[in-house]
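In my numbering, the protein residues as written are 244 to 479.
Shown next as structure tokens:
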């Protein structure tokens, strides 16, 4: 779990480093003395956990927490207990009062690990649910409702894509990239620049190509490791 420290006190940051070092699931990827530099880091990176002081130079940790992406967990670290109620208004995982007791830190981390597990389970359940859903595609001046599970593969042709279905094909003005974003990653796999296949409809494959129904599709060199890893993983 990648994490960062935001605290203007060097001694406090050193103490947090020691505590973080005692948890093997944590990887410290940055530490900052102000919210400005931390904000720049958060824009470019996506740590899963932020240890955030509340009283910082020129800013307030509670307000800064409102700008942190919702999928990033926050644990407040402060010398002042009166902010505890405010911290829960921004959905903080926990609130640690300095000097931070190691046992209390570990308890907070146990909560963070459990919360992360729950998020992962919810995400997997959502992806599994999407496989059985439908997508709406506009083609030939009409909107077509397609069951995601019925899509054999999607073929990209410049500014158009072809949805290959068991009994028909639908040609729509879309990009292959937009289709990749639309379809659930758990059920579909891009095998080269022009093709996305439904893993449930793959009948055979080797290191060079993949067969979907009567179609034999070449695996792109830059996609080969990912494609074979997914296919062999599914075979297991």
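Beta carbons are placed, not taken as given, at the ideal position from N, Cα and C, and that holds for glycine.
Keep in mind that this is a model prediction, so the values were computed, not measured.
Given 8 Å, three or more beta-carbon pairs between the stretch 340-358 and the stretch 393-403: With the cut-off at 8 Å, the stretch 340-358 and the stretch 393-403 do not touch.
Tell me whether residue 464 sits in a helix, a strand or coil according to DSSP, three-state version. Locating residue 464 in the chain shown gives position 221, counting from the first residue. Residue 464: coil per DSSP, three-state reduction.
Is residue 276 helix, strand or coil by DSSP? On the chain shown, residue 276 is found 33 positions in, with the first residue counted as 1. Residue state, collapsed to three classes: coil.
Mind pulling the beta strand (DSSP E) runs of 3 or more residues that sit fully within the stretch 403-471? DSSP runs (the beta strand (DSSP E)) wholly in the stretch 403-471: 403-407, 412-415, 431-433, 438-441, 445-448, 452-455 and 458-461.
Whose C-alpha, out of 408, 284, 442 and 456, is nearest the C-alpha of residue 470? Numbered from 1 along the chain shown, position 227 holds the residue referred to as residue 470. Checking every option, the nearest Cα to that of residue 470 belongs to 442.
Between the Cα of residue 283 and the Cα atoms of 260, 249 and 271, which residue gives the shortest distance? Residue numbering aside, residue 283 sits at position 40 when the chain shown is read from its first letter. Comparing Cα-Cα distances from residue 283 to each of 260, 249 and 271, the minimum goes to 249.
Do residue 297 and residue 319 count as a contact pair if the criterion is CB distance below 8 Å? Along the chain shown, one-based indexing puts residue 319 at 76. Along the chain shown, one-based indexing puts residue 297 at 54. Yes; because the gap between Cβ atoms is below 8 Å, this pair is in contact.
Can the beta-carbon of residue 474 be found closer than 8 Å to that of residue 445? Within the chain shown, the letter at position 231 stands for residue 474. Within the chain shown, the letter at position 202 stands for residue 445. The answer is yes: Cβ separation under 8 Å.
Residues of its chain near residue 351, where Cβ-Cβ distance is below 8 Å and the 5 sequence neighbours each way are ignored: Here residue 351 is taken as the residue at index 108 of the chain shown, counted from 1. Answer for residue 351: 318, 336, 337 and 339, listed in chain order.
Using DSSP with H/G/I as helix, E/B as strand and the rest coil, what is residue 244? Translated into the one-based positions of the chain shown, residue 244 becomes position 1. In this structure, residue 244 counts as coil in the three-state DSSP scheme.
Between residue 376 and the rest of its own chain, which residues show a CB-CB distance below 6 Å, the 5 nearest in sequence each way excluded? Translated into positions along the chain shown, residue 376 becomes position 133. Same-chain partners within the cutoff: 391.
Where do the ends of the beta strand (DSSP E) carrying residue 260 lie? The residue you call residue 260 lines up with position 17 of the chain shown. Unbroken run through residue 260 is the alpha helix (DSSP H), 253-264; no beta strand (DSSP E).
For residue 301, which three-state DSSP category applies? The count along the chain shown starts at 1 and reaches residue 301 at position 58. In this structure, residue 301 counts as coil in the three-state DSSP scheme.
Is residue 306 helix, strand or coil when you go by DSSP? Translated into positions along the chain shown, residue 306 becomes position 63. In the structure shown, residue 306 sits in a helix (DSSP, three-state: H, G or I).
CA-CA distance, residue 312 and residue 245? For the purposes of this step, residue 312 is taken as the residue at position 69 of the chain shown. For the purposes of this step, residue 245 is taken as the residue at position 2 of the chain shown. Those two C-alpha atoms are separated by around 14 Å.
Is it the case that the stretch 300-312 contacts the stretch 262-281, given that we only count it when at least three CB pairs across the two stretches are under 8 Å? Enough Cβ pairs lie closer than 8 Å, so yes.
Quick check: the Cα distance between residue 379 and residue 365, rounded to an integer number of angstroms? The residue given as residue 379 occupies position 136 in the chain shown. The residue given as residue 365 occupies position 122 in the chain shown. Spanning the two alpha carbons is a distance of roughly 24 Å.
DSSP three-state label for residue 320, please. Residue numbering aside, residue 320 sits at position 77 when the chain shown is read from its first letter. Residue 320: strand per DSSP, three-state reduction.
Spatial neighbours of residue 460 within its chain, please: C-beta separation below 8 Å, excluding the five flanking residues on both sides. Position 217 of the chain shown, counted from the first residue, corresponds to residue 460. 396, 434, 435, 438, 440, 452, 453 and 454, listed in sequence order.
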